[in-house]
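Down below is the structure, laid out as structure tokens.
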Amino acid sequence: MTSSSNLGARFVIADSVRNPSVWGLLAMLVLALAGCGATGPQSVEPEAPRVFPPPPAAPAYLFERSVYEADDLTNASSSNGFLEMLVGTRRGGGQGLSRPLALAVHLGRVAVINALDPSLSVFDFAQHRFSKIDLSALGGQRSPVGISVDRSGNWYVADGLSGYVLVLDAQGRELRKIGGPRWLRRLVNVAVDSDRQRVYAIDQSERQHQVRVFNAVTGSHLMDLGGSGEGPGEFNLPLDAAVGPGGRLYVVDSGNYRVQIFDAQGQYLKSFGSAGKRPGQFSRPKEIAVDGQGLVYVADATFGNIQVFGPDGDYRYVIGSRGDQGAAATYMLPSGLGVDTDSRLYVLDQWYVRLDVYRSVRHRVGVATPPLQ
Numbered sequence: 002m003t004s005s006s007n008l009g010a011r012f013v014i015a016d017s018v019r020n021p022s023v024w025g026l027l028a029m030l031v032l033a034l035a036g037c038g039a040t041g042p043q044s045v046e047p048e049a050p051r052v053f054p055p056p057p058a059a060p061a062y063l064f065e066r067s068v069y070e071a072d073d074l075t076n077a078s079s080s081n082g083f084l085e086m087l088v089g090t091r092r093g094g095g096q097g098l099s100r101p102l103a104l105a106v107h108l109g110r111v112a113v114i115n116a117l118d119p120s121l122s123v124f125d126f127a128q129h130r131f132s133k134i135d136l137s138a139l140g141g142q143r144s145p146v147g148i149s150v151d152r153s154g155n156w157y158v159a160d161g162l163s164g165y166v167l168v169l170d171a172q173g174r175e176l177r178k179i180g181g182p183r184w185l186r187r188l189v190n191v192a193v194d195s196d197r198q199r200v201y202a203i204d205q206s207e208r209q210h211q212v213r214v215f216n217a218v219t220g221s222h223l224m225d226l227g228g229s230g231e232g233p234g235e236f237n238l239p240l241d242a243a244v245g246p247g248g249r250l251y252v253v254d255s256g257n258y259r260v261q262i263f264d265a266q267g268q269y270l271k272s273f274g275s276a277g278k279r280p281g282q283f284s285r286p287k288e289i290a291v292d293g294q295g296l297v298y299v300a301d302a303t304f305g306n307i308q309v310f311g312p313d314g315d316y317r318y319v320i321g322s323r324g325d326q327g328a329a330a331t332y333m334l335p336s337g338l339g340v341d342t343d344s345r346l347y348v349l350d351q352w353y354v355r356l357d358v359y360r361s362v363r364h365r366v367g368v369a370t371p372p373l374q
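Under this note's numbering, think of the first position of the sequence shown as 2, with each following residue one higher.
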């Protein structure tokens with residue numbers, strides 16, 4: 002028997018004394034696996050901090066933590082690290098995360114939409130609390146597909162079945178509904194501009210892919226952007242949008258493998274990206290977010306990463322990578338994406354059913370984002 006196997010056996014036996022109901026079974030399993038001449042399970046060292054971009058470039062983001070269920074907010078769930086070592090990658094699916102689609106974040110409160118779940122899961126990192134909002138009871142929503150948030154913390158939830166954008170206050174109380182089947186035949190996502198009191202609803206109606214613009218307070222229809230096609234300002238399967246400084250609107254035009262930029266008046270400015278595997282290109286662009294400095298973050302489901310661009314679409318660096326072992330900052334199906342006011346980045350992954358958090362190390366010149374408490 003190798004020395005590393007002896008160490009593993011002693012570790013398990015000692016813990017089986019403290020937790021006989023669980024660790025006793027694990028002890029027998031480890032001892033069976035760690036026979037003489039066999040290669041037993043090796044100890045797993047904590048991963049080194051993941052920094053992006055990697056050296057020698059100046060760091061911008063540090064991988065901070067993963068959340069797999071609501072209890073992880075308070076660290077109430079005990080570490081299952083050794084069990085994970087035996088049976089493989091940890092997967093989520095606990096309370097609050099089932100098949101995560103999209104998220105929005107405001108002052109440490111992350112609202113997550115899960116597929117086939119007519120409720121909103123709210124992870125409050127600042128207060129270490131979790132709560133759920135039943136959308137079906139509030140506004141009759143049955144299939145939430147997208148979400149955004151304004152400066153006051155009001156949530157804007159897009160419902161794919163009703164065609165309405167449901168507006169909730171920070172506590173989850175219904176304020177109003179915008180749109181509806183008259184305006185939105187296939188609503189897939191939503192973005193909000195707090196400064197201009199605008200709601201951008203992404204509609205994939207048959208033969209008419211566009212962004213419909215409404216007044217965020219009155220709900221009145223203001224204008225439409227785009228239409229089906231591949232020319233400047235036209236869309237093929239738009240999936241998400243985000244508002245940047247100065248009211249710029251960034252739209253993920255997934256079928257055309259690009260992001261299009263419009264000014265605050267709705268005029269087309271430019272696009273960036275193309276189909277390909279090189280930095281700055283896309284394969285399956287899905288979600289988008291823009292921070293206070295105008296940096297643009299785009300999640301690509303094929304590449305399993307988040308590409309970061311300047312305000313005009315110049316490629317900067319990449320965060321994360323594709324990976325099937327569940328390591329930190331690796332993804333199989335990244336979905337939701339959001340940046341908080343402190344530039345902390347939140348990323349959902351449907352395959353691992355988890356919520357990842359990245360801390361900015363330079364969101365303001367000379368000022369680093371403090372770690373989560």
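Ideal placement from N, C-alpha and C gives every residue a C-beta, glycine not left out.
Note that this is a predicted model, so its numbers are computed, not measured.
Quick one: what's got a C-beta closer than 6 Å to residue i's C-beta in the same chain, skipping five residues either side?
i    : result
F83  : Low per-residue confidence applies at F83: pLDDT is 38, beneath 50, and the placement is therefore not dependable, though the value from the model is reported in the following sentence. Around F83: no qualifying Cβ.
Y157 : S149, V166, V168, V191, V193
D125 : R110
V106 : G339, D341, Y347
A265 : G248
G154 : H107, A171
A116 : R100, L102
R186 : S206
S255 : L238, L240, P286
P47  : At P47, the pLDDT of 48 sits below 50, so the modelled position is not reliable; the number obtained from the coordinates is stated separately. Around P47: no qualifying Cβ.
With burial defined as no fewer than 16 other Cβ atoms inside 10 Å of the residue's Cβ, what is the status of residue i: buried or exposed?
i    : result
R199 : buried
K278 : exposed
D135 : exposed
A302 : buried
R360 : buried
Q205 : buried
S120 : buried
G36  : Only weak support is given to the placement of G36: the predicted model assigns it a pLDDT of 44, under 50, and the value that follows is read from those uncertain coordinates. That one is exposed.
A127 : exposed
L356 : buried
S284 : exposed
D196 : exposed
Looking only at DSSP bridge pairs, what is residue i linked to?
i    : result
Y251 : A243, I262
L349 : L356
P145 : D160
Q211 : D204, G227
T331 : S322
A71  : A71 pairs with nothing; no bridge assigned.
V123 : A112, S132
F53  : Y62
K271 : I262
R199 : D194, N216
K175 : For clarity, residue 175 is Glu in the given sequence; the question names Lys instead. BP columns for E175 point to L169.
Taking residue i as the reference, which of the options has the closest Cα?
i    : options                : result
D73  : S195, D315, G95, A103  : G95
L240 : D196, R208, R177, S336 : S336
G180 : V291, T219, D325, E65  : T219
D313 : Q261, R208, R152, L104 : Q261
G164 : G147, Q308, R197, G234 : G147
Y353 : T370, P372, T331       : T331
A290 : V253, S275, E65        : V253
V113 : P246, V214, L226, Y69  : Y69
A138 : R130, R174, H129       : R174
L349 : Y251, I307, G311       : I307
G234 : G293, A243, Y251       : Y251
W184 : A202, G267, S275       : A202
Using a Cβ-Cβ cutoff of less than 7 Å, which residues in the same chain neighbour residue i once the five nearest sequence positions on both sides are dropped?
i    : result
L162 : R143, S144
D118 : S99
R177 : V168, G220
At a Cβ threshold of 7 Å, is residue i touching chain C?
i    : result
V297 : Considering every chain present, this structure includes no chain C. It has just one protein chain.
By the three-class DSSP mapping on this structure, what secondary structure does residue i have?
i    : result
G161 : coil
A138 : helix
S311 : One point to set straight first is that residue 311 is Gly, not Ser, in the sequence displayed. Three-state DSSP puts G311 in coil, outside helix and strand.
G180 : strand
N257 : helix
L98  : coil
G337 : strand
V218 : coil
N237 : coil
V150 : strand
N155 : coil
S361 : strand
A302 : coil
CB-CB under 8 Å to residue i, same chain, minus the five flanking residues each way: which ones, in chain order?
i    : result
A59  : R363
K133 : G97, S120, L121, S122, V123
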